[in-house]
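Participant:
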Amino acid sequence: MKASTLLLLALVVGLSGCSLITDFTECESDSDCDIGAQCSDGICQGESRVSITEPIVEDTTWTSDNVYVLENLTLVVPPATLTIEPGTKILGRFNTGLASLAGARLVADGTREEPIVFTSDKPVGQRLAGDWAGLAMVGRAPTNRENFNLRITTDEYDTAVGGDDESWNCGTLRYVRVEFGGSEVEGQKALKGVTLAGCGSDTTVDYVQTHLSDDDGFGVFGGSVNLRHIVSTRARDDGVDFDTGWRGTAQFVAVQQDLVGIEALEIENLAEDASASPQTNAQVYNFTLIGGMREGDRQIGIYNKFGGLGTFSHGVVVGHATSSVHIEGPESAVHATDGNIIIKNSMFFDAGSDGEGYFELVDEEEGGFTDYAIYQADETNNLFGVDPGFESDPYDLADPGWVPSVENTAGVEPPPAGFDPTAVFRGAFAPGQVPWTEGWTAYPLK
């Protein structure tokens, strides 16, 4: 139990809407202290806290010697750039978040040794999914939804998503961890753990983890942003949602689903118009999708719907309660029949109610796809019912075992141009090697 606070000193500083708070609290161990503080000589000592209360309207840097506390939905407004130093911690209160609007830029460039961490403002042990909303970057790359604004509305600033610049640079997320997000903002589910909306190919997203989001882990809406080394653990909805005309690439994608999670990868074009242009065309290589040990009400590995299409190769898909793959609706069924939903060089294990339910079949009269035999043809090089042989337990929520054995996962063809050609293995992790998650990811239970 945390002891009483001895002294609270508040000092208003000359930053827009910021206050600096230094908190001294009695303690017996580090666990008695708030995020970013350590127990020394019976007193919690750590970084000063800066309260963020106003939009960021000019170039600003958040430094690692402070902890920043979001007091509302904080907007980075054009033409400002918010730069966040390696090792910086940002705390979100309930219904708060951070969103960089189109024309502004967010540069959160951490390191393996000093990742940037966005997390709940609640003490360790009391944190839950949905403690705050999440992180978003908005840009002017094309999407296929009209009047698109992520449900963020304000009379003062333009919150529109999308435009006509395919290369639009929303900024950088590198070695960033986002925990306990997914709450509502102003009564609506506006943000995912990490939201990328209308971000173009010059945006950098590499080594980013979302954990215990009360919505999707990642929501990628339109644009052509390329994703590398992304981790979604225990999202309460989809692990990664590709939507609204996304046409980028993703390589080294790791998803561990919570028991209440639904789809590991959800690929859709547009719910209100499945033929809308530009079409979502997901190109995903080297992915590991870990379900909930075939428990839960409904859980799918790869789920295409509302006209979503793409290529999914070099994957490992295990432990999904409903099926490994499901293609829903007439538009996506046509894409699959025409060879525009490609699944190859992948392995599927322990799925469905009997452990062999790799595909979810539907009544043909419903207009769904039924010819899943095309994904079992020899030329796809897919494996079914073969155990990837993880070196440690992949279902361990506190420390998932990501790395498979060399047997059955190595020796596939190199990915095509635009991807890392050395990744000649199934899954997001090289068999027998130290996982690229080492040193910067975390899997706190609370």
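The sequence shown lines up with residues 149 to 594 when you count with the numbering used here.
We put the beta carbon where it would ideally sit given N, CA and C, even for glycine.
Starting from the Cα of Trp210, find the closest Cα among Leu221, Pro227, Leu239, Cys187 and give me that residue.
Facilitator: By 1-based counting over the sequence shown, the position of residue 210 is 62. That would be Leu239, whose Cα lies nearest to the Cα of Trp210.
Participant: Name the two residues that bound the continuous alpha helix (DSSP H) containing Thr485.
Facilitator: Within the sequence shown, residue 485 is the residue found at index 337, counting from 1. Looking at the DSSP string, the run of the alpha helix (DSSP H) that includes Thr485 is 478–485.
Participant: Does DSSP put Asp389 in a helix, in a strand, or in coil?
Facilitator: Sequence index remark: in the sequence shown, residue 389 carries index 241 (1-based). Strand.
Participant: Out of Thr208, Val205, Asn214, Gly310, which one is the CA nearest neighbour of Arg197?
Facilitator: Locating residue 197 in the sequence shown gives position 49, counting from the first residue. Among Thr208, Val205, Asn214, Gly310, the Cα nearest to that of Arg197 belongs to Asn214.
Participant: What does the alpha-carbon distance come out to for the pair Ile204 and Gly549?
Facilitator: Your numbering for residue 204 matches position 56 in the sequence shown. Your numbering for residue 549 matches position 401 in the sequence shown. Their backbone Cα atoms lie some 40 Å apart in a straight line.
Participant: Leaving out the 5 sequence neighbours to the left and right, which residues in its chain are closer than 6 Å to Val368 when beta-carbon positions are compared?
Facilitator: The count along the sequence shown starts at 1 and reaches residue 368 at position 220. Around Val368: Leu344, Phe390, Trp394.
Participant: If I'm right that Ala383 touches Thr358 with Cβ under 8 Å, what's the distance once you round it to whole angstroms?
Facilitator: If you number the sequence shown from 1, residue 383 lands on position 235. If you number the sequence shown from 1, residue 358 lands on position 210. About 7 Å; that satisfies the 8 Å criterion.
Participant: DSSP three-state label for Tyr323, please.
Facilitator: Counting from 1 along the sequence shown, the entry for residue 323 is found at position 175. In the structure shown, Tyr323 sits in a strand (DSSP, three-state: E or B).
Participant: For Leu321, collect the residues of the same chain with a Cβ closer than 6 Å to its Cβ; drop the 5 residues on either side in sequence, then sort them by chain order.
Facilitator: Along the sequence shown, one-based indexing puts residue 321 at 173. Within the same chain, Leu321 has close Cβ partners Ala256, Val353, Val356.
Participant: By how many angstroms is the C-alpha of Thr244 removed from the C-alpha of Gly329?
Facilitator: Mapped onto the sequence shown, residue 329 falls at position 181. Mapped onto the sequence shown, residue 244 falls at position 96. Looking at the two C-alpha atoms, the distance is approximately 9 Å.
Participant: Determine whether the beta carbon atoms of Thr585 and Val286 lie at a separation below 8 Å.
Facilitator: As a first step, residue 585 must be located in the sequence shown, where it is residue number 437. As a first step, residue 286 must be located in the sequence shown, where it is residue number 138. No, these two residues do not count as a Cβ contact at 8 Å.
Participant: Thinking C-beta only, is Asp445 closer than 8 Å to Glu414?
Facilitator: The sequence position of residue 414 within the sequence shown is 266, counting from 1. The sequence position of residue 445 within the sequence shown is 297, counting from 1. No, these two residues do not count as a Cβ contact at 8 Å.
Participant: Where Gly587 and Phe435 are concerned, what is the direct C-alpha to C-alpha distance, given to the nearest angstrom?
Facilitator: Working through the sequence shown from its first residue, we reach residue 587 at position 439. Working through the sequence shown from its first residue, we reach residue 435 at position 287. For Gly587 and Phe435, the distance between alpha carbons rounds to 20 Å.
Participant: Cα separation between Leu375 and Pro290?
Facilitator: Position 227 of the sequence shown, counted from the start, is the residue given in the question as residue 375. Position 142 of the sequence shown, counted from the start, is the residue given in the question as residue 290. Near 17 Å, if we compare the C-alpha coordinates of Pro290 and Leu375.
Participant: If I measure Cβ to Cβ from Tyr520 and keep anything under 6 Å in the same chain, skipping five residues before and after, which residues do I get?
Facilitator: As a working note, residue 520 is residue 372 in the sequence shown. The answer, listed in chain order, is Phe507.
Participant: Threshold first: 4 residues or longer. Then list the alpha helix (DSSP H) segments lying entirely within the stretch 375–457, N to C.
Facilitator: None, since the stretch 375–457 contains no complete alpha helix (DSSP H) of that length.
Participant: Judging by CA-CA distance, which residue of Phe242, Ala247, Ala412, Ile264 is the nearest neighbour of Ser212?
Facilitator: Taking the sequence shown and counting its residues from 1, one reaches residue 212 at position 64. Checking every option, the nearest Cα to that of Ser212 belongs to Ile264.
Participant: What distance in whole Å lies between the Cβ atoms of Val324 and Gly258, which are believed to be in contact at a cut-off of 8 Å?
Facilitator: Along the sequence shown, read from residue 1 onward, the residue named residue 258 stands at position 110. Along the sequence shown, read from residue 1 onward, the residue named residue 324 stands at position 176. About 6 Å separates the two Cβ atoms, so the contact holds.
Participant: Taking the alpha carbon of Tyr591 as the point to measure from, which residue in Leu545, Val551, Pro579, Asn556 has its own alpha carbon closest?
Facilitator: On the sequence shown, position 443 is the one that residue 591 refers to. Ranking the options by Cα distance to Tyr591, first place goes to Leu545.
Participant: Hey, quick one: how far does the beta strand (DSSP E) through Phe266 stretch, first residue to last?
Facilitator: On the sequence shown, residue 266 is found 118 positions in, with the first residue counted as 1. Run containing Phe266: 264–268, per the beta strand (DSSP E) assignment.
Participant: Over what stretch of residues does the beta strand (DSSP E) that includes Val225 continue unbroken?
Facilitator: On the sequence shown, position 77 is the one that residue 225 refers to. Neither: Val225 is in no beta strand (DSSP E) and is coded neither H nor E.
Participant: What does the alpha-carbon distance come out to for the pair Ser425 and Gly371?
Facilitator: Mapped onto the sequence shown, residue 425 falls at position 277. Mapped onto the sequence shown, residue 371 falls at position 223. C-alpha separation (whole angstroms): 12 Å.
Participant: What do you reckon, are the CB atoms on Asn556 and Met495 nearer than 8 Å?
Facilitator: Numbered from its first residue, the sequence shown carries residue 556 at position 408. Numbered from its first residue, the sequence shown carries residue 495 at position 347. In contact: Asn556 and Met495 (Cβ atoms closer than 8 Å).
Participant: Reducing DSSP to helix, strand and coil, say where Ile489 ends up.
Facilitator: The residue you call residue 489 lines up with position 341 of the sequence shown. Strand, per DSSP.
Participant: Taking the straight line between their C-alpha atoms, what separation do you get for Ile438 and Glu206?
Facilitator: Residue 438 sits at position 290 when you count from the first residue of the sequence shown. Residue 206 sits at position 58 when you count from the first residue of the sequence shown. Rounded to the nearest angstrom, the two C-alpha atoms are 42 Å apart.
Participant: To the nearest angstrom, how far is the alpha carbon of Val224 from that of Gly505?
Facilitator: Position 76 of the sequence shown, counted from the first residue, corresponds to residue 224. Position 357 of the sequence shown, counted from the first residue, corresponds to residue 505. Cα to Cα, Val224 sits roughly 46 Å from Gly505.
Participant: Does DSSP classify Asp213 as helix, strand or coil?
Facilitator: Against the sequence shown, residue 213 aligns to sequence position 65. Coil, per DSSP.
Participant: What does the alpha-carbon distance come out to for the pair Asp338 and Glu527?
Facilitator: Position 190 of the sequence shown holds residue 338. Position 379 of the sequence shown holds residue 527. In the sequence as displayed, the identity of residue 338 is Ala instead of Asp. The straight-line gap from Cα to Cα measures roughly 42 Å.
Participant: Note down the Cα distance separating Ile300 from Ser331, rounded to an integer number of angstroms.
Facilitator: Working through the sequence shown from its first residue, we reach residue 300 at position 152. Working through the sequence shown from its first residue, we reach residue 331 at position 183. Approximately 14 Å, taken between the alpha carbons.
Participant: Using a 10 Å radius around the Cβ and a threshold of 16 neighbouring Cβ atoms, would you call Pro478 buried or exposed?
Facilitator: Along the sequence shown, read from residue 1 onward, the residue named residue 478 stands at position 330. Classification of Pro478: exposed, given that the 10 Å Cβ count is below 16.
Participant: With H, G and I counted as helix, E and B as strand and the rest as coil, what does DSSP make of Ala671?
Facilitator: Because the chain spans 149 through 594 in this model, residue 671 falls outside it and cannot be assessed.
Participant: Within the continuous beta strand (DSSP E) that includes Lys340, where are the two ends?
Facilitator: Looking up residue 340 in the sequence shown gives position 192. No beta strand (DSSP E) holds Lys340; DSSP gives it neither H nor E.
Participant: Classify Gln447: buried if its beta carbon has 16 or more other beta carbons within 10 angstroms, exposed otherwise.
Facilitator: Taking the first residue of the sequence shown as position 1, residue 447 is located at position 299. Answer is buried; the Cβ neighbour count reaches 16.
Participant: Output needed for Ala558: all residues of its chain with C-beta closer than 6 Å, excluding positions within five of it in sequence on either side, in chain order.
Facilitator: As a first step, residue 558 must be located in the sequence shown, where it is residue number 410. Cβ within range, chain order: Phe573, Pro579.
Participant: May I ask you to report which of helix, strand or coil DSSP gives Thr307?
Facilitator: Against the sequence shown, residue 307 aligns to sequence position 159. Three-state result, Thr307: coil.
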